[in-house]
Amino acid sequence: MKATYISSPTNLLYYSSLKNSDARILLCGNAKYYITDSRFILTAQKELSNYYTVVLSDKLPLVKKSIEIINQLNVNILAVEGEALSMLEYLMLEQSLKNITIVDDSEKINEKRVQKRKNEIINIEKAQEITDCIYLEVIQTLFEGITEKELAILINKKIFENNCTPAFDTIVAFGENSACPHAIPSNKKLQAGDAVIIDFGVKYNNYCSDMTRSFSYKFATTEYEKIYNNVLNAQSAAIKNIRPGVEAKELDCIARNSLGIYQKYFIHSLGHGVGLDIHEKPRLSTKSNDILKKNSIITIEPGVYIENKFGIRLEDLIVVQQQGIRNLTNAHKNMIIR
Ligand SMILES: [Mn+2]
């Protein structure tokens, strides 16, 4: 019999609806075990007893308690999350389970998360709604001399005020710093004519949002205008082609081709799935073998980065629907903000 061993924080959350990394889940036929320690046992018993046999791992590490249970079951294959399992934990499993074959089943364990349930979509929609509001608020408070760090702190403060947490490190980049796709906010001061990239997301009920906006402060050069419209067109072209069944790499290719002479400056992939994790399946890149499925939530984020000059990235969060799409991002894409 095959048993599945779930150990990553995100899948523990997905499979139990409880946020607790100090647990393991074991699925074997109809048997379902939730193994946790004394700090969390009462919560687990209260919330999970209808779905799981809740097991206290008191004196033993979680992995050892799991091994005890596996040995009591008639298991010959143990499916694990190869992507997330630590080497040490793997070695413990391997050394204690001599007659059991351990296989990587990350793909299958993560597969359920690709197509979002109604409630998951609602949470992500709400997360993006908060993100839109924060963006619209902060761009009204811009002034010459504000630093990237100050603006990032302001965004983070508003995220917490909305009872959320940042979904990842907020990115704020001015001027030539925007040419770095994942710039770290510095003490650089905003000046008129600067290109600006703001990329952030929030976690609402454990679900992430993700948005990037780019603009030129006060005025834009002709070159900025030209490239901005290029990136905007590339994004629209990709979005227009989203539908269940389309290959992720085809969308990436459409966006890349649409950038024309600027495609060599598009140095990352087109997008990614968003859910409990900020980056999850499907992957939208040149190398991806993923095929879009309905009720997936994905980002479409083409960008152009010209070293020592500026960068431009536009990122929207999109629900793949049976018929067409639903764009969860409503923040405007004004090219110049004064
Ligand atoms: Mn993103």
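15 is the number of the first residue of the sequence shown in the numbering used here; add one for each residue after it. Built from N, CA and C at the ideal position, the CB exists for glycine as well.
Where residue i sits in the DSSP three-state scheme
i: F324; result: strand
i: T313; result: strand
i: T145; result: helix
i: A37; result: strand
i: N341; result: strand
i: V288; result: coil
i: T329; result: In the sequence on display, residue 329 carries Glu and not Thr. E329 falls in the strand class under three-state DSSP.
i: D208; result: coil
i: F188; result: strand
i: A166; result: helix
i: A93; result: strand
i: C267; result: helix
i: V77; result: helix
i: I350; result: strand
i: E158; result: coil
i: I116; result: strand
i: V334; result: strand
i: V152; result: helix
i: K308; result: coil
i: K202; result: coil
Cα-Cα separation between residue i and residue j, rounded to whole angstroms
i: I114; j: S100; result: 18 angstroms
i: K140; j: E82; result: 42 angstroms
i: S110; j: I305; result: 38 angstroms
i: S120; j: G289; result: 16 angstroms
i: V69; j: K130; result: 29 angstroms
i: S71; j: S35; result: 14 angstroms
i: L74; j: E134; result: 35 angstroms
i: S31; j: K295; result: 19 angstroms
i: R38; j: P23; result: 9 angstroms
i: G325; j: A17; result: 48 angstroms
i: P199; j: E237; result: 25 angstroms
i: L92; j: A98; result: 15 angstroms
i: I256; j: R227; result: 21 angstroms
i: N220; j: L27; result: 9 angstroms
i: A345; j: G259; result: 28 angstroms
i: E195; j: D146; result: It is worth fixing the name first, because residue 195 is Pro in this sequence and not Glu. Taking the straight line joining both Cα atoms gives about 20 angstroms.
i: H286; j: R297; result: 5 angstroms
i: L62; j: E329; result: 38 angstroms
i: I351; j: D224; result: 21 angstroms
i: V333; j: R270; result: 21 angstroms
i: V94; j: E108; result: 11 angstroms
i: Y242; j: A181; result: 26 angstroms
i: A197; j: I281; result: 14 angstroms
Span of the alpha helix (DSSP H) around residue i
i: I123; result: S120 to E125
i: V245; result: T236 to K254
i: S30; result: P23 to S30
i: A98; result: Counting along the chain, A98 falls outside any alpha helix (DSSP H), and DSSP gives it neither H nor E.
i: E261; result: It is not in any alpha helix (DSSP H) - E261 carries neither H nor E in the DSSP assignment.
i: I55; result: I55 to L62
Unbroken beta strand (DSSP E) run spanning residue i, endpoints
i: S228; result: M225 to Y231
i: I296; result: Here the sequence assigns Pro to residue 296, which means Ile is not the residue at that position. Note, P296: beta strand (DSSP E), E294 to L298.
i: Y218; result: V216 to Y218
i: K46; result: A45 to T50
i: Y19; result: K16 to I20
i: T67; result: T67 to L70
Assigned exposure category for residue i - 16 Cβ within 10 Å defines buried
i: S230; result: buried
i: T235; result: exposed
i: N137; result: buried
i: L56; result: exposed
i: K172; result: buried
i: E158; result: exposed
i: S272; result: buried
i: T179; result: exposed
i: A206; result: exposed
i: Y65; result: exposed
i: R53; result: exposed
i: S192; result: buried
i: N201; result: exposed
i: T300; result: exposed
i: K15; result: In the sequence as displayed, the identity of residue 15 is Met instead of Lys. Looking at its Cβ environment, which holds fewer than 16 other Cβ atoms inside 10 Å, M15 is exposed.
i: F174; result: exposed
i: L284; result: buried
i: F188; result: buried
i: Q142; result: buried
i: L105; result: exposed
i: F233; result: exposed
i: L331; result: buried
Item checked: Touch test, the stretch 304 to 324 against the stretch 239 to 259, Cβ-Cβ under 8 angstroms, three pairs minimum -> yes
Note to self: For the structure I just gave you, are there three or more beta carbon pairs, one from the stretch 42 to 50 and one from the stretch 83 to 91, closer than 8 angstroms?
What the structure shows: yes
Check: Are at least three pairs of beta-carbons, each pair with one atom in the stretch 203 to 213 and one in the stretch 159 to 172, less than 8 angstroms apart?
Finding: A contact is defined here as three or more CB-CB pairs under 8 angstroms, and the stretch 203 to 213 meets this definition with respect to the stretch 159 to 172.
Next item on the list: Decide if the stretch 291 to 303 is in contact with the stretch 335 to 343; the criterion is three or more beta carbon pairs, one per stretch, under 8 angstroms apart.
Entry: no
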